[in-house]
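Here full-length UniProt numbering is used: the first residue of the sequence shown is 1, the next is one more, and so on.
Glycine included, every Cβ here is placed at the ideal spot set by N, Cα and C.
All values reported here derive from a predicted model rather than from experimental measurement.
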Amino acid sequence: MGSTPATRTSYHHGALRQALVDGAREILAERGHDQFSLNEVARRVGVSTSAPYRHFRSRDELLAAVAEQGYEVLHQCLERAATATADAGERLLCMGGAYVRFAQDHPDLFVTMFRGQPGLGPVGHESFDVLLSAVVEAQRCAVIPTAPSAELMARSVWATVHGLAVLSLRQPHERFGLDEPAEDLAARTLSALLGL
């Protein structure tokens, strides 16, 4: 008869949930989504294969928790970038660079956040709101055009830097004749988009 790891009983309720999220992130970073299962996460964490079901009803529910953690980290990155400068235009460029840097530093989170999720949760909306506030301020200061609306402008900025982030993970930018660091490329692209 096989034995279960002794560490199984050492997790209290909240710690096991976070350990499962951390274990999922490790597997995602090593092998991606195609090689991911709740049973493998349980083995990685050192608990029985039934233990994850106390916190997550399915693989997708665990992936949603990983995505939520990703939005929390992204929100922190954008907040830091937003406070890095008092210049409203420069703030947007810093935030664009921070977005691309987040994707490069946390590809497991980035890919999971945008892989089949039903939509943004509260933390995802907070991340967008940081960008939206920066756009509103830049328009108020007449640093960027006041048309289109701030929301449409913020969505355009997000889509632009998201596309750059995806490209930076899938293909070296050099393939497209863009041989500068991704953060610099994000700043230069946003500068052109926003007329900065």
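Considering only residues of the region 21-75, which uninterrupted alpha helix (DSSP H) runs meet the minimum length of 4 residues and lie entirely inside it, listed in chain order? The DSSP assignment places complete alpha helix (DSSP H) segments of no fewer than 4 residues inside the region 21-75 at 38-45, in order along the chain.
Looking at C-alpha atoms only, which residue of D60, E79, S50 is the closest neighbour of D34? As a working note, residue 34 is residue 34 in the sequence shown. Residue nearest to D34 within the set D60, E79, S50 is D60 (criterion: CA-CA distance).
Can the beta-carbon of G70 be found less than 8 Å from the beta-carbon of L109? For the purposes of this step, residue 70 is taken as residue 70 along the sequence shown, with counting starting at 1. For the purposes of this step, residue 109 is taken as residue 109 along the sequence shown, with counting starting at 1. Cβ distance < 8 Å, so G70 and L109 count as in contact.
The alpha helix (DSSP H) that contains H162, what's its start and end? To locate residue 162, count along the sequence shown from 1; it is residue 162. Counting along the chain, H162 sits inside the alpha helix (DSSP H) bounded by residues 150-170.
Quick check: what's the CA-CA separation for A86 versus E79? By 1-based counting over the sequence shown, the position of residue 86 is 86. By 1-based counting over the sequence shown, the position of residue 79 is 79. Cα to Cα, the separation comes out at about 13 Å.
Between R155, V130, A103, E90, which has its C-alpha nearest G195's C-alpha? In the sequence shown, counting from the first residue as 1, residue 195 sits at position 195. Minimum Cα distance to G195 is reached at E90.
Compare the beta carbon distance of residue 201 and H55 with 8 Å and say whether it is the shorter of the two. Residue coverage of the chain in this structure runs from 1 to 196, which leaves residue 201 outside it and unanswerable.
Pick from A192, V166, S48, L132: whose alpha carbon is nearest that of H106? Residue mapping note: residue 106 aligns to position 106 of the sequence shown, counting from 1. If we check each option's Cα against that of H106, V166 comes out closest.
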